[in-house]
Amino acid sequence: MYRKYIKRILDIFISLSGLIVLSPVLLILWVLVRLKLGSPVLFTQQRPGKNEKIFNLYKFRSMTDEKDESGNLLPDEVRLTSFGKKLRSTSLDELPELFNILKGDMSIVGPRPLLVRYLPRYNEFQRHRHDVRPGLTGLAQTHGRNALTWEKKFEYDVEYVNKLSFALDVSIFVATVGAVLKREGINSETSATMEEFMGSAEGKEQE
């Protein structure tokens, strides 16, 4: 009952309430990002959602568009400004994902949506992370985030899928609020914070 109906109702209520209450913050951030990093203010990127359906993820941009002499973008580490680092450390760059949650692309709690190019690299076990909507935060984000190996992250993701419940979602949400207040929040998974996932060494399904 919770998985099929109540979770989605709560997502709509919380995301809509969040957008209303945080609208002044969103407006201020919009202006600051525009002034400090330029246009576009929002970073949009395709990500796989539930059942690997592709959607457009929204975030406040945190990097510049600096390019080398050949016209290629500089590494993430170079383009990530001090202002961008503050946005990520406070997880404020993630606030536009509330629109994704309201639309039904995402949930408040679930495995983080990663890159589309990772899809063919998952083994059968890891692919189950897409059995539910991706989330603003998840079990892996409250158990070490980027300190974890990719394999351990995916173990937590699939564990969440298997144990999904109201009590688990509440515990993850509360833990996330505490982590954000400590500036140990749910930064996005990019090469600036985590090496790219190239596939697990073991191709067999895990127990």
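Numbering (our numbering) for the sequence shown: 2 to 208.
The beta carbon of each residue, even a glycine, is placed where N, CA and C say it ideally should be.
Just so we're clear, the structure is a prediction, and the values are computed from it rather than from any experiment.
{"Item": "Among Phe-167, Leu-81, Asn-124, the one whose alpha carbon lies nearest that of Asp-209", "Value": "The requested residue 209 is not part of the displayed model; the chain covers only 2 to 208."}
{"Item": "Leu-43 and Pro-97 closer than 8 Å at C-beta", "Value": "yes"}
{"Item": "Runs of beta strand (DSSP E) wholly within the segment 62-128 (minimum 3 residues, chain order)", "Value": "108-110"}
{"Item": "Segment limits, beta strand (DSSP E) that includes Pro-49", "Value": "43-49"}
{"Item": "Spatial distance of Lys-37 from Gly-85 (CA atoms)", "Value": "9 Å"}
{"Item": "Identity of the residues DSSP links to Gly-286 by a beta bridge", "Value": "A query on residue 286 cannot be resolved here, the shown segment of the chain reaching from 2 to 208 and no further."}
{"Item": "Continuous alpha helix (DSSP H) stretch holding Glu-152: start and end", "Value": "151-164"}
{"Item": "Cut-off 8 Å between Cβ atoms - residues of its own chain near Ala-176, not counting five sequence neighbours on either side", "Value": "Thr-143"}
{"Item": "Boundaries (first-last residue) of the alpha helix (DSSP H) holding Gly-19", "Value": "8-22"}
{"Item": "Gly-179: first and last residue of the uninterrupted alpha helix (DSSP H) it sits in", "Value": "167-182"}
{"Item": "Nearest-angstrom Cβ-Cβ length linking Ser-16 and Leu-103, presumed shorter than 8 Å", "Value": "4 Å"}
{"Item": "Meets three-Cβ-pair contact criterion under 8 Å: the segment 48-55 and the segment 65-79", "Value": "no"}
{"Item": "Three-state class that DSSP yields for Lys-5 in the structure shown", "Value": "helix"}
{"Item": "Beta-carbon spacing of Leu-28, Phe-61 below 8 Å", "Value": "no"}
{"Item": "Nearest candidate by alpha-carbon position, reference Asp-170, set Ile-109, Glu-196, Arg-118, Lys-183", "Value": "Ile-109"}
{"Item": "CB of Tyr-3 within 8 Å of CB of Phe-167, strictly", "Value": "yes"}
{"Item": "Under the three-state DSSP convention, the category Lys-60 falls into", "Value": "strand"}
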